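Q: Structure incoming, see below.
Below is the structure:
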């Protein structure tokens, strides 16, 4: 899979948010790699250990997607952060699952796996 690191990480935007402080940005990148050192199923176990239909009533799943959103956006991983935010909102707003919501969330989780892997690869490059 060939990818352009700049399409996965918008480091200039992240640095702008940090007032240009490269030391803080480097620290955030290292922290992200430490916290999310495992594959996504291990790092976000509350999300990937339950059947999708049960995620809509799981506060821990909503919490870990919220944490991922913040961590991803802090390093400029916009796609990952925005998708984690969308998933988090869906989990917080919906308390019952319908077939349509299950399909929607399943597709979002598949994209989350992809963006997560791309982000980790870009950070390690």
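In UniProt numbering, the protein residues as written are 1 to 125.
C-beta: ideal position from N, C-alpha, C; glycine also.
These figures come from a predicted structure and were not determined experimentally.
(1) Taking only three categories from DSSP, how would you classify residue 87?
(2) In whole angstroms, give me the CA-to-CA distance for residue 30 and residue 89.
(3) Taking the alpha-carbon of residue 58 as reference, which of 71, 70, 44 has the nearest alpha-carbon?
(4) Going by DSSP, what residue range makes up the alpha helix (DSSP H) through residue 14?
(5) At which residues does the alpha helix (DSSP H) containing residue 38 begin and terminate?
(6) For residue 145, which of 69, 124, 122, 51 has the nearest alpha-carbon?
(7) What separation, rounded to the nearest whole angstrom, lies between the Cα atoms of residue 95 and residue 55?
(8) Measure the alpha-carbon distance for residue 86 versus residue 63 and round it to whole angstroms.
(9) Beta-carbon separation of residue 125 and residue 75 under 9 Å?
(10) Grab me the residues of residue 92's own chain with a C-beta within less than 7 Å of its C-beta, minus the 5 sequence neighbours each way, in chain order.
(11) Under a Cβ-count criterion, where at least 16 other Cβ atoms within 10 Å of its own Cβ denotes burial, should residue 69 be classed as buried or exposed?
(12) In whole angstroms, give me the CA-to-CA distance for residue 78 and residue 113.
(13) Return helix, strand or coil for residue 97, following the three-state DSSP convention.
A: Quick look at the numbers:
(1) DSSP places residue 87 in helix when its eight states are reduced to three.
(2) Between the C-alpha atoms of residue 30 and residue 89 there is a straight-line separation of about 27 Å.
(3) Just measuring C-alpha positions, the residue of 71, 70, 44 sitting nearest residue 58 is 44.
(4) Residue 14 -> alpha helix (DSSP H) spans 11 to 17.
(5) For residue 38, there is no enclosing alpha helix (DSSP H), as DSSP marks it with neither H nor E.
(6) Only positions 1 to 125 of the chain appear in this structure, which leaves residue 145 out of reach.
(7) Spanning the alpha carbons of residue 95 and residue 55 requires a straight line of approximately 9 Å.
(8) One C-alpha to the other measures close to 13 Å.
(9) It is not a contact, given that the beta carbons lie outside the stated cut-off.
(10) Closer than 7 Å at the Cβ level, and outside the excluded window around residue 92, lie 62.
(11) Buried, since its Cβ has 16 or more Cβ neighbours within 10 Å.
(12) Straight-line Cα distance between these residues: approximately 14 Å.
(13) Of the three classes helix, strand and coil, the one that applies to residue 97 here is coil, per DSSP.
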